[in-house]
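Terminal number for the sequence shown in the working numbering: 269, no gaps in between.
The beta-carbon is built from N, C-alpha and C at its ideal position, and this holds for glycine as well.
To start, the structure itself, in structure tokens.
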Amino acid sequence: MAWYENFFDDWYLKYWIQPITQQRTNNEVDAIIDYLKINNDSNILDLCCGQGRHSLELARRGFKNVNGLDLSETLLGFSKESAKKENLAINFIQGDMRDIPASLYDGIFNFYTAFGYFEKDEENQAVLDAVGRALKPGGYFLLDYPLLEGRMGPWQNQEFFEYEDGTVMLHEMIHNVFDQEIVNKVLYITKDNLRHRTGFTLRHYYGRELRKCLRKAGMEVVATFGSLEGNPLTARDRRVLIQARKIAEPDSSK
Ligand SMILES: C[S@@+](CC[C@H](N)C(=O)[O-])C[C@H]1O[C@@H](n2cnc3c(N)ncnc32)[C@H](O)[C@@H]1O
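Below you can see the structure in the form of structure tokens.
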């Protein structure tokens, strides 16, 4: 089984996603609305929506056609339950990001590092091709992603978190420089000494490389930002926000 079929479980939901504040999600949704140039009637896809924090917030703000696609049954279950509780109409779809169901979207976004999950470059390209096919001509794609440039130089390769319930999480990151991948090993130890080992591997891209992949998928990079507020990207930024626009059909669909 691939890591991404296992990793996004109850442990992930509890210790990675639920600690994210609503304020952070609100700021991200402000940026999503701005950079995707969407309005309340736009058809929007939250690609790899997870627990649905962005989809839910968009629906709360009156966006009527919000779709969220994700592979994880656990996270989608949580999303659907939250939408039901708040009486929000969101179309949650269980599926793979490489295979977006046929529809034409005005805007697609992929947030909080949900790209670079596949071992083969062609599979990661297939995600962008699927986005390119699913966008209306001129539609925008917003990718929130940790560029490789921001991972250069001295960086901390171990993290340690202690949660309110007494659980601790140890996170080790091993950078395979030549292969442009970071192997992440994660160990949870609960206060009852229950141990859970898990992990994930990300294929990291350089900006120029990503621009080429987007181009192949029929999209041009319109702007890159080093922050949600739109600061220009610098070598010190750990993440990039890429605003791309569909200008052609992906190469693969010709
Ligand atoms: C880092 S989380 C981001 C979640 C969400 N976008 C957010 O900002 O909170 C990555 C998400 O990608 C989903 N995922 C992993 N592999 C996938 C795949 N092959 N196809 C679709 N979704 C996938 C996971 O289930 C998880 O919800």
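Legend entry - Bridge-paired residues (DSSP) for H186: E174, V201
Inset, instruction - Determine, using beta-carbon pairs with one atom in the stretch 204-212 and one in the stretch 232-242, whether at least three such pairs fall under 8 Å. - result: With the cut-off at 8 Å, the stretch 204-212 and the stretch 232-242 do not touch.
Legend entry - Heavy atom of ligand 1 within 7 Å of H219 beta-carbon: no
Inset, instruction - Tell whether a beta-carbon distance below 8 Å holds between R254 and N139. - result: no
Legend entry - Beta carbon of F215 nearer than 8 Å to that of N199: yes
Inset, instruction - Can you check the stretch 209-268 for any beta strand (DSSP E) of at least 3 residues that lies completely inside it and give the ranges in chain order? - result: 210-218, 234-240, 255-261
Legend entry - For P34, the nearest candidate out of D85, I53, E179 (CA to CA): E179
Legend entry - Residues that DSSP places opposite I108 in a beta bridge: L84
Legend entry - Straight-line gap, D24 to Q66 (C-alpha atoms, nearest Å): 11 Å
Legend entry - CA nearest to the CA of P116, picked from N42, K135, V146, Y127: V146
Inset, instruction - Starting from I115, follow the alpha helix (DSSP H) in both directions and report where the run begins and ends. - result: Neither: I115 is in no alpha helix (DSSP H) and is coded neither H nor E.
Legend entry - Euclidean distance between Cα positions of G153 and R260: 6 Å
Inset, instruction - Verify the contact flag: M112, CB atom, against every heavy atom of ligand 1, threshold strictly below 7 Å. - result: yes
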